[in-house]
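In the numbering used here, the protein residues as written are 806 to 889.
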């Protein structure tokens, strides 16, 4: 399974449980970004592009209110940008 970002792990943990219920031969988890400091549920990540601190990031496909998705880089979105 491939995920763009794993934050708390709550949602992805439920998805993993649903997939495992179907008895796959194997299951590997790949994420582009991981925020381990926010993790509430354990997610067994096999491949991780990068661990990032607890900051709101966007760009390179990640968005905030349908904005900033097309940035050619990943940037930290500051509080000023979230109020506009």
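C-beta atoms are modelled at their ideal positions from N, C-alpha and C, and glycine is treated no differently.
Since the structure is predicted, the reported quantities are computational estimates derived from the model, not experimental observations.
Following the continuous beta strand (DSSP E) through residue i, name the residue where it begins and the one where it ends.
i: residue 823; result: No beta strand (DSSP E) holds residue 823; the alpha helix (DSSP H) holding it covers 815-826.
i: residue 861; result: First-last for residue 861: undefined, no H or E at that position.
Straight-line CA distance for residue i to residue j?
i: residue 827; j: residue 806; result: 14 Å
i: residue 887; j: residue 863; result: 11 Å
i: residue 865; j: residue 874; result: 6 Å
i: residue 876; j: residue 817; result: 25 Å
i: residue 872; j: residue 830; result: 39 Å
i: residue 870; j: residue 861; result: 12 Å
i: residue 867; j: residue 824; result: 25 Å
Restricting to Cα atoms, I'd like to know which of the options is closest to residue i.
i: residue 838; options: 884, 848, 831, 822; result: 848
i: residue 834; options: 845, 842, 854, 843; result: 854
i: residue 850; options: 878, 885, 821, 884; result: 821
i: residue 859; options: 872, 876, 830, 880; result: 880
i: residue 812; options: 824, 884, 843, 885; result: 843
i: residue 845; options: 878, 815, 810; result: 815
Opposite residue i in the DSSP bridges: which residues?
i: residue 869; result: 872
i: residue 839; result: 811, 856
i: residue 881; result: 862
Would you mind reading off the limits of the alpha helix (DSSP H) that contains residue i?
i: residue 806; result: Element bounds for residue 806: n/a, residue is neither H nor E.
i: residue 884; result: 884-888
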